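Enquirer: Attaching a single structure in structure tokens format; questions to follow.
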Amino acid sequence: MAQTTAPPTSGVRVTYDYVTRVIHRTLGDPGKGYFALLGVAVGLLTIGIICLLFLLRYGLGLAGYSHPVYWAVFITCFVFWVGIAHSGTLISAILFLFRSAWRTAVYRVAEAMTVFAVMTAGLFPLIHIGRQWYFYWLVPYPNERGLWPNFKSPLIWDEFAIGTYFTVSTCFLIMGLIPDIAAVRDLATGWRKKLYAITSLGWRGTNEQWRHYSRGYLYLAALATPLVLSVHSVVSWDFAMAQVPAWHETIFAPYFVAGAIYSGVAMVISLLIPIRRLFHLEEVVTIRHFENLAKLCLLTGMIVGFAYTTEYFIAWYGGPTPEHKAFYYRAFGPFWWAGWTMNVCNWFLPWILWFKKVRTNLTALFVISIFVNIGMWFERFTLIAIHLAGEPFEPFVKAGYNPTWADWGIMAGSFGWFFMWFLLFVKNFPAVSISEVKEVLPPPVRGRHA
Amino acid sequence: MKNPLAALFHGPMTPGVLGVFGHLDDTTRAVKDLKADGREDFTVFSPMPRHELEDAIDRPPSSVRMYTLIGGIAGCSVGAWVTLYMSYDWPIQVGGKPIGSIPPYVVIMFEMTVLFGALNTLLGVALNALRAARREGTIPYDPRFSNDKFGVFVPCRPDQAGTTEAFLKQHGAEEVRRA
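For the record, the sequence lines run as chains A and B.
Read in order, the letters of the first sequence are residues 1 to 450 in the working numbering.
Read in order, the letters of the second sequence are residues 1 to 179 in the working numbering.
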């Protein structure tokens, strides 16, 4: 077995063989904790499916819509899940281009999270349209059946953006997996060996394969980097292009991108901490990785806080305008609790990440990451449903909007759907990149340097 | 695992010698000396990409970049065609904006550039890998190459196998075997 010195991220002696075996071990029996989590995920999904069936039978009236609130929990969940997806590409593509070595141990989890989060987000426009059997009307094609695709609408940009993002993220995930599947193929037995023999596509790690693979991976990263910035900008324009107070803002694109990465990194932390414990990955995913993730969280949290400050400041500075009324409604209207949940979780809470003791304490990080995700969900809920309910252009409308059991049930189902796919993935495919972790280890050398 | 389709896609085994190396510097030195002898037909196995090996092997840049470029240009063109053609195919003027308005269409052109560029990149990697696999399927493989060992396969006639074995052992191969 080739011996290498320990990597700077770990306190033990880590070799290539050790890395392969530790990550291969995650494909073994994960224990009762894993199956309990999977059971909860499937249970939530079942609740969501039942609520969706009711919605299909009785229509969108069950979802608690009331004029002028026709974008509510479903669109909130759509934006939330698209946001969650963003940090995956940040960690896998942008940090790859920056040659950030620490990403190697965590990027696979983030990338898988991206793909499953986009899969979850994609369900909500379909649920939101009400008549799912006409879903293909969303697809722009040369004018047929009286449809007029309006390419000047950000909604159609969104469709292109999300479709592209899902395809590119999936390509990126699959491509990164191929050498690692080959590594576990060579250790596996039984049906798993057959599965991995097929899915590794004949990978042998030859110089020709690496030559084309490395270039292809680099170009995919280069393409995914502007994509990740564009996708949530486009999502933000769904709102910013509309003349609704508190939506029609020029800062929305960077504000949404930062918020998306913020929530995504928090979700990576929420996922990695239990995965690390369940699959005993302590030597590969170290405290240093979590500290770096916490720093990313802190950075993006500060940007989000700055955006909130700017919004409130401009609303106040502009005087008695609809914008002013909208922000007063956000802070002191009937939905003040939603607005303040968002403020506390996203604006104030990340400040404690300035302390190294907090950044290196996994329990504290786990709790903070959960609150950040709650806060980010409420950010979208406040922005979408609350600002529509308090729209000052229609003072005669007193929106009595309240989410219903169908809204909450389908939202819970989306969490079940996401966690089910994620848990199945980490159990059956390498959750940490084997080849890239080896890349950052010092190579085994006899001493005669080439 | 023996692949039942291998016989269909790959020819008979290439005669030669496979050396298994435990150290990167030994492997790199063997590759450099093979290159110095004018050999280009050898194959190197490694569990991860290493720039030392890439520099020693010194092959031209991968053609995958051309696939990416062509895909990107095609995607941008398709994005422009889709938006402009459909707009003029059924012209409806809204809000005094031009029928074919380039600034909002740039978003779709950009997304299509990335989509086609990424898919074509994947196609480029797959086609190049398939082409390489036709030859590489005829040479031996060791499962340790995906774990912690490096490998060098040198094709040679059976009467030259002894010399090649000696060459690989002299360069630090832990194990050599004839194919």
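Backbone N, C-alpha and C fix where the C-beta goes; we use that ideal spot for every residue, glycine too.
Treat the numbers as computed from the prediction; the structure is a model and nothing was measured.
1) So, does the CB of M48/B fall closer than 7 angstroms to a CB anywhere in chain A?
2) Suppose the cutoff is 7 angstroms on Cβ atoms and the five residues either side in sequence are ignored; what does the same chain contact list for A450/A look like?
3) Between which residues of its own chain and V17/B is the CB-CB distance below 8 angstroms, once the five residues before and five after are set aside?
4) Under 7 angstroms between C-beta atoms, does E439/A make it to chain B?
5) Mind listing the chain B neighbours of Y213/A? Cutoff is C-beta to C-beta under 8 angstroms, in chain order.
6) Identify the continuous alpha helix (DSSP H) that holds L365/A and give its terminal residues.
7) For Q3/A, would you say it is in contact with chain B, using Cβ-to-Cβ distances shorter than 7 angstroms as the test?
8) Which residues share a DSSP beta bridge with E111/B?
9) Check this for me: beta carbons of I84/A and I384/A, under 7 angstroms apart or not?
10) Report the neighbours of V107/B on chain A: residues whose CB is nearer than 7 angstroms to its CB, in chain order.
11) So S92/A and F172/A are supposed to be a Cβ contact under 8 angstroms. How far apart are they, rounded?
12) Taking Cβ-Cβ distances shorter than 8 angstroms, what residues in chain B pair up with V168/A?
13) List the residues of chain A that L24/B touches, going by C-beta distances under 8 angstroms, in chain order.
14) Got a sec, what are the start and stop residues for the alpha helix (DSSP H) E174/B sits in?
15) Among the residues of its own chain, which have a CB less than 8 angstroms from the CB of A307/A, if the five just before and after it don't count?
16) Quick one: grab the DSSP three-state call for F98/A.
17) Decide yes or no for the touch test of the stretch 119 to 132 of chain B against the stretch 52 to 71 of chain B: beta carbon pairs closer than 8 angstroms, at least 3 of them.
18) G22/B to P47/B, Cα distance in whole Å?
19) With the cut-off set at 7 angstroms, would you say P416/A and L45/A are in Cβ contact?
20) Please classify N402/A as buried or exposed, where buried requires at least 16 neighbouring CB atoms within 10 angstroms.
21) Tell me whether the beta-carbon of T27/B lies closer than 7 angstroms to the beta-carbon of T206/A.
22) Is there at least one Cβ from chain B nearer than 7 angstroms to E111/A's Cβ?
23) To test your reading of the DSSP string, which unbroken alpha helix (DSSP H) runs of 4 or more residues are found completely within the stretch 289 to 371 of chain A?
24) Which same chain residues, not among the five before or five after H387/A, have their C-beta less than 8 angstroms away from its C-beta?
25) Judging by CA-CA distance, which residue of F96/A, T104/A, V109/A and G33/A is the nearest neighbour of W421/A?
26) What does a CB cutoff of less than 6 angstroms around T170/A pick up in its chain, not counting 5 residues either side in sequence?
27) Just reading off the beta strand (DSSP E) that G16/B is part of, what are its end residues?
28) In the structure shown, what three-state DSSP assignment does R103/A receive?
29) Alpha carbon to alpha carbon, what distance is there between P443/A and S488/A?
30) By the 10 Å Cβ neighbour count, where 16 or more other Cβ atoms means buried, how is E111/A classified, buried or exposed?
31) For P226/A and L365/A, what's the separation of their Cα atoms in angstroms?
32) Please go through the same chain and pick out, in chain order, the residues whose beta-carbon is closer than 7 angstroms to the beta-carbon of R185/A, but skip the five residues on each side of it.
33) Could you check where the alpha helix (DSSP H) with F45/B kicks off and where it finishes?
34) Sort V344/A, R446/A and E436/A by Cα distance to R50/B and report the nearest one.
35) From G146/A, H212/A, V445/A and D180/A, pick the residue whose C-alpha is nearest to that of M66/B; which is it?
36) For V235/A and P154/A, I'd like the C-alpha separation in whole angstroms.
Expert: If we stick to the structure as given:
1) yes
2) Reliability of the predicted coordinates at A450/A is poor, the pLDDT of 41 falling under 50, and no value is obtained from them.
3) F153, V154, C156, A161, T164, E165, L168, V176, R177, R178 and A179
4) yes
5) P49, V125 and A129
6) L362 to F381
7) Because the pLDDT of Q3/A is 39, which lies under 50, any placement of that residue in the model is unreliable, and the number read from its coordinates should be weighed accordingly. Closer than 7 angstroms: no.
8) According to DSSP, E111/B bridges with nothing at all.
9) no
10) W157 and V234
11) 6 angstroms
12) V114, L115 and A118
13) P443, P444, V445 and A450
14) No alpha helix (DSSP H) contains E174/B, which DSSP labels as neither H nor E.
15) I251, P254, Y255, A258 and G259
16) coil
17) yes
18) 11 angstroms
19) Residue 416/A is actually Gly in this sequence, not Pro. For G416/A and L45/A, yes; Cβs fall inside 7 angstroms.
20) exposed
21) no
22) no
23) 322 to 332, 336 to 342 and 356 to 359
24) V244, P245, A246, W247, A326, Y329 and R330
25) V109/A
26) V115
27) G16 to F21
28) helix
29) Coverage of chain A is limited to positions 1 through 450, which leaves residue 488/A absent and any answer about it impossible.
30) buried
31) 29 angstroms
32) K193, Y196, A197 and S200
33) First-last for F45/B: T43 to F45, but that is the beta strand (DSSP E), not the alpha helix (DSSP H).
34) E436/A
35) H212/A
36) 8 angstroms
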